[in-house]
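Chemist: Have a look at this one before I ask anything.
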Amino acid sequence: MSNRLALITGASAGLGAEFARQYAAKGWDVALTARRADRLDKLARELEEKYKVATLVIAQDLAHADSIDTILYELKESGRHADALVNNAGYGLPGTFFNTSWEEQAQFIRVLYTAPIELVHKLLPGMAERNFGRIINVASLAGYAPGSSGHTLYASVKAGMIKFSESVHAEAQAAGHDIHCSALCPGFTYTEFHDVNGTREMANESPDWMWMDAKPVVEAGIDGVTRGRPVVVPGAVNKGVATLTRILPEPLGREIMKRQGKRFRKME
Ligand SMILES: NC(=O)c1ccc[n+]([C@@H]2O[C@H](COP(=O)([O-])OP(=O)(O)OC[C@H]3O[C@@H](n4cnc5c(N)ncnc54)[C@H](OP(=O)(O)O)[C@@H]3O)[C@@H](O)[C@H]2O)c1
191 MSNRLALITG ASAGLGAEFA RQYAAKGWDV ALTARRADRL DKLARELEEK YKVATLVIAQ
251 DLAHADSIDT ILYELKESGR HADALVNNAG YGLPGTFFNT SWEEQAQFIR VLYTAPIELV
311 HKLLPGMAER NFGRIINVAS LAGYAPGSSG HTLYASVKAG MIKFSESVHA EAQAAGHDIH
371 CSALCPGFTY TEFHDVNGTR EMANESPDWM WMDAKPVVEA GIDGVTRGRP VVVPGAVNKG
431 VATLTRILPE PLGREIMKRQ GKRFRKME
């Protein structure tokens, strides 16, 4: 009998690569997807050698409408199914809603919202049939905080992923399935995220205590989904921020975001 398998999106860097390492270290086989095939291949060799697990590399751009069907076809062709899904691929789109094109916004919604939801929708029936599934949707602390100017849809999409995860988890539990779905909500985390969206210099001005390494963030995500927590906020500082967003009066929260947001969000 083969090991359980985790399908991980955005596995070529940052949190996704760390998810792959941690699942492999637990003896899970991994299916890795992202656009950069060279990086995925390198990671796959590393995991095969180090942990003696099976790997599958499926290079796909989630912005393409047929990418999910291609990923699932490749998985099926290899004779495997996903016992866990980590919807992790993502990026930030700098600038305001006004000065970005609709094509950029539509692609952003596709990669960070539609594609992960489509994956969950298409994997759930198999998980229900086998009565086992673990789904981690990587959201963000931004999904809790009030919306700020700049990177406009980021907070909306991440808030949507939190609600979506809660609902999927609740539905699976109500149906009596052994399926857990968690939204993982990291704050500032050391990955390539801020290099990709061009905010590294701004982000580096945030104090060290606000940052976490990818390792504890991913540990919290895997632990949370294993325990059946619909929402997981990693780290004491992030938990504190999440609590504050709940108890502060909304106008005060918006004012804080107005002042602080420009320290880490690019407006042009
Ligand atoms: N780092 C933070 O501070 C932070 C905080 C909160 C939430 N997050 C969330 O954490 C998740 C992972 O980000 P990260 O911090 O690990 O960033 P990262 O190091 O930049 O990794 C992002 C991953 O997403 C993949 N990706 C981007 N666009 C894609 C596309 N069109 N198709 C397929 N894959 C794509 C990238 O692979 P390719 O370029 O090879 O395609 C890469 O593997 C994201 O959802 C992000 O919103 C990050």
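In short: position in the sequence shown from 1, add 190, done, that's my numbering. Beta carbons: idealized from backbone N, C-alpha and C, even for Gly. Keep in mind that this is a model prediction, so the values were computed, not measured.
What are the start and end residues of the alpha helix (DSSP H) that includes L302?
Modeler: Position 112 of the sequence shown, counted from the start, is the residue given in the question as residue 302. First-last for L302: undefined, no H or E at that position.
Chemist: With DSSP as the reference, label R324 as helix, strand or coil.
Modeler: Position 134 of the sequence shown holds residue 324. Of the three classes helix, strand and coil, the one that applies to R324 here is strand, per DSSP.
Chemist: How long is the line joining the alpha carbons of G269 and V247, rounded to whole angstroms?
Modeler: Here the question's residue 269 lines up with position 79 in the sequence shown. Here the question's residue 247 lines up with position 57 in the sequence shown. Taking the straight line joining both Cα atoms gives about 14 Å.
Chemist: If you scan the stretch 350 to 406 from start to end, which runs of the alpha helix (DSSP H) of 4 or more residues do you find wholly inside it?
Modeler: Listed in chain order, they are 383 to 386, 390 to 393.
Chemist: Residues in the same chain with beta-carbon distance under 8 Å from N387, minus the five sequence neighbours each way, listed in chain order, please.
Modeler: Here the question's residue 387 lines up with position 197 in the sequence shown. Result list for N387: Y281, G282, L283, P284, H341, K456, in chain order.
Chemist: Can you tell me the Cα-Cα spacing of Q212 and S338, whole angstroms?
Modeler: Sequence index remark: in the sequence shown, residue 212 carries index 22 (1-based). Sequence index remark: in the sequence shown, residue 338 carries index 148 (1-based). Distance between the alpha carbons of Q212 and S338 is about 34 Å.
Chemist: Looking only at C-alpha atoms, which of I198, P336, Q297, R225 sits nearest to E440?
Modeler: For the purposes of this step, residue 440 is identified with residue 250 of the sequence shown, where counting begins at 1. Closest by alpha carbon: P336.
Chemist: How should Q450 be labelled, buried or exposed, when 16 other C-beta atoms within 10 angstroms of its C-beta is the threshold for buried?
Modeler: Taking the first residue of the sequence shown as position 1, residue 450 is located at position 260. So Q450 ends up on the exposed side.
Chemist: Tell me the residue span of the alpha helix (DSSP H) that contains A233.
Modeler: The count along the sequence shown starts at 1 and reaches residue 233 at position 43. Before going further, note that residue 233 is Leu rather than Ala in the sequence given. That run of the alpha helix (DSSP H) goes 227 to 241.
Chemist: Which residues mark the beginning and the end of the beta strand (DSSP E) in which T223 is found?
Modeler: For this step, residue 223 is matched to residue 33 along the sequence shown. Here the beta strand (DSSP E) through T223 covers 219 to 224.
Chemist: Specify, as a first and last residue, the run of the beta strand (DSSP E) that T245 falls within.
Modeler: For the purposes of this step, residue 245 is taken as residue 55 along the sequence shown, with counting starting at 1. Start and end: 245 to 249.
Chemist: Could you say which of L237, A426, N193 lies nearest to M400 if we only look at CA atoms?
Modeler: Position 210 of the sequence shown, counting from 1, holds the residue named residue 400. When only C-alpha atoms are compared, the closest one is A426.
Chemist: Cβ atoms of L222 and V328: under 8 Å apart, would you say?
Modeler: For the purposes of this step, residue 328 is taken as residue 138 along the sequence shown, with counting starting at 1. For the purposes of this step, residue 222 is taken as residue 32 along the sequence shown, with counting starting at 1. No. Outside cutoff.
Chemist: How about K348 and A332: are their beta carbons less than 8 Å apart?
Modeler: In the sequence shown, counting from the first residue as 1, residue 348 sits at position 158. In the sequence shown, counting from the first residue as 1, residue 332 sits at position 142. Going by C-beta atoms, K348 is nearer than 8 Å to A332.
Chemist: In chain order, what residues of the same chain have a beta carbon less than 6 Å from the beta carbon of K419, not counting five sequence neighbours either side?
Modeler: If you number the sequence shown from 1, residue 419 lands on position 229. Note on identity: in this sequence residue 419 is Arg, with Lys being the wrong assignment. S372, listed in sequence order.
Chemist: Could you check what DSSP says for A274 in three-state terms: helix, strand or coil?
Modeler: As a first step, residue 274 must be located in the sequence shown, where it is residue number 84. A274 falls in the strand class under three-state DSSP.
Chemist: Mind checking who T199 pairs with in its DSSP beta bridge?
Modeler: The count along the sequence shown starts at 1 and reaches residue 199 at position 9. According to DSSP, T199 bridges with T223.
Chemist: So is the beta-carbon of T381 under 7 Å away from any non-hydrogen atom of ligand 1?
Modeler: The residue you call residue 381 lines up with position 191 of the sequence shown. Indeed, a heavy atom of ligand 1 lies less than 7 Å from the Cβ.
Chemist: So, is M191 buried or exposed, given that buried needs 16 or more other C-beta atoms within 10 angstroms?
Modeler: Working through the sequence shown from its first residue, we reach residue 191 at position 1. Result: exposed.
Chemist: From what residue to what residue does the alpha helix (DSSP H) around L205 run?
Modeler: As a working note, residue 205 is residue 15 in the sequence shown. Note, L205: alpha helix (DSSP H), 204 to 215.
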